[in-house]
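Novice: Before I ask anything, here is the structure I am working with.
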Ligand code: TRP
Ligand code: SF4
């Protein structure tokens with residue numbers, strides 16, 4: 128019986144500065160895991176290339192931004208291995224090896240494959256690279272022998288495929304990999320300023336790096352429940368994107384004040400927004416403070432350490448997989 132910590136692995140694509148949706152949906156959980164598990168957190172630049180290979184220009188700068196956001200959010204490189212996927216070449220080797228035994232049909236059936244092709248009409252992602260996205264994700268996970276993978280709902284189909292690939296590998300070459308499990312943390316879904324999913328492409332985000340002034344400027348003009356045409360018209364908080372944000376950033380007591388005030392028209396929308404602005408800024412302040420500390424530090428050096436740790440793990444896995452596959 129070993130008392131070694133279980134392993135957690137997760138990743139994010141370097142698509143630019145992170146927003147509050149990334150935080151409430153992922154990072155918030157990643158931070159406490161650091162004291163409970165051995166954590167590997169990867170900035171998955173090869174995954175970014177699967178969709179951005181025609182215009183890869185921003186990936187390098189985005190890696191730096193994501194790294195700064197992670198550190199600001201409380202990811203601690205002393206506790207976790209924080210690394211860049213493309214610097215661990217064994218991941219590419221494992222991807223090649225596992226691709227031999229991965230049926231095309233399994234990849235074609237992953238819902239995100241067709242969905243993304245529909246959505247990203249401006250580019251050609253009918254490629255091996257994009258089809259292989261969930262296999263590459265599987266390799267991220269199994270290269271460090273992860274037990275748990277904290278992800279959002281939208282990634283469950285990828286994790287199911289990961290387990291299928293692992294089962295097939297174990298069947299063909301002998302029981303080797305453990306089946307990774309997703310770690311879903313039920314949190315209220317944070318929507319964007321316009322009530323749609325918070326997303327960079329919708330331009331409706333609050334960034335982890337936004338200043339107090341910017342937060343103020345973004346919240347004040349938000350559209351609220353359309354029933355509140357005049358100050359005296361009562362509203363329905365559930366139909367208001369401001370209230371959606373209160374669910375993530377305000378106390379139960381404050382939410383009650385808002386619900387009562389809104390449904391009886393005893394508070395105005397600006398009063399309601401001011402409470403949110405205050406809470407959001409209180410929440411963001413320690414994150415801003417950490418960012419100020421890290422901004423002048425060479426984050427590249429911090430990354431080297433994590434890369435080394437991930438590489439050690441992945442090299443061992445790759446050697447064992449080569450052995451099992453007789454190459
Ligand atoms: N596909 C994931 C996403 O878009 C990112 C990712 C890549 C990932 N590799 C991973 C997540 C490994 C967890 C584990 O969110
Ligand atoms: Fe939205 Fe608050 Fe206005 Fe109600 S009072 S409509 S919850 S902003």
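Residue numbers (my numbering): 128 to 454.
Built from N, CA and C at the ideal position, the CB exists for glycine as well.
Just so it is clear, the structure is predicted and the values come from calculations on it, not from any experiment.
1. Output the distance between the C-alpha atoms of residue 404 and residue 411, rounded to the nearest integer angstrom.
2. Does the beta-carbon of residue 265 have 16 or more other beta-carbons within 10 angstroms, so that it is buried, or is it exposed?
3. In chain order, which beta strand (DSSP E) runs of at least 3 residues are fully inside the segment 286-345?
4. If we call anything under 8 Å between Cβ atoms a contact, is residue 247 one with residue 240?
5. Return the residue from the list 415, 147, 338 that minimises the CA-CA distance to residue 459.
6. Measure the beta-carbon distance from residue 425 to residue 210 and round it to whole angstroms, keeping in mind my assumption that it falls under 8 Å.
7. Can you name, in chain order, every residue of its own chain whose Cβ lies under 8 Å from the Cβ of residue 206, other than the five neighbours on each side?
8. So for residue 166, helix, strand or coil by DSSP?
9. Measuring alpha carbon to alpha carbon, tell me which of 418, 301, 308, 298 ends up nearest residue 289.
10. CA-CA distance, residue 351 and residue 357?
11. Could you confirm whether any beta carbon from chain B is found closer than 8 Å to the beta carbon of residue 389?
12. Only counting the same chain, and skipping five residues up and downstream in sequence, which positions put a Cβ closer than 7 Å to that of residue 114?
13. Give me the residue from 132, 192, 182 with the minimum Cα distance to residue 418.
14. Quick check on residue 453: buried or exposed, where buried means 16 or more other Cβ atoms within 10 Å of its Cβ?
15. To the nearest angstrom, how far is the alpha carbon of residue 538 from that of residue 432?
16. Cβ atoms of residue 327 and residue 134: under 8 Å apart, would you say?
17. At which residues does the beta strand (DSSP E) containing residue 137 begin and terminate?
18. Where does residue 208 sit, in a helix, a strand or coil, going by DSSP?
19. Can you tell me whether residue 420 is buried or exposed, with buried defined as 16 or more other CB within 10 angstroms of its CB?
20. Within the same chain, show all residues whose beta-carbon is closer than 7 Å to that of residue 257, passing over the 5 residues directly before and after it, in chain order.
21. Is the distance from the Cβ of residue 170 to the Cβ of residue 141 below 8 Å?
22. To which residues does DSSP link residue 276 through a beta bridge?
Specialist: Based on what the coordinates show:
1. 10 Å
2. buried
3. 308-310
4. no
5. The requested residue 459 is not part of the displayed model; the chain covers only 128 to 454.
6. In fact, because the Cβ distance is near 15 Å, the residues do not count as touching under 8 Å.
7. 161, 162, 166
8. strand
9. 308
10. 12 Å
11. Judged by its chain identifiers, the structure shown contains no chain B, having just a single protein chain.
12. Residue 114 is absent from the structure shown; the chain starts at 128 and stops at 454.
13. 192
14. exposed
15. Given a span of 128 to 454 for the chain in the structure shown, any question on residue 538 remains unanswerable.
16. no
17. 134-139
18. strand
19. The residue is exposed, with fewer than 16 neighbouring Cβ atoms inside 10 Å.
20. 177, 178
21. yes
22. 309
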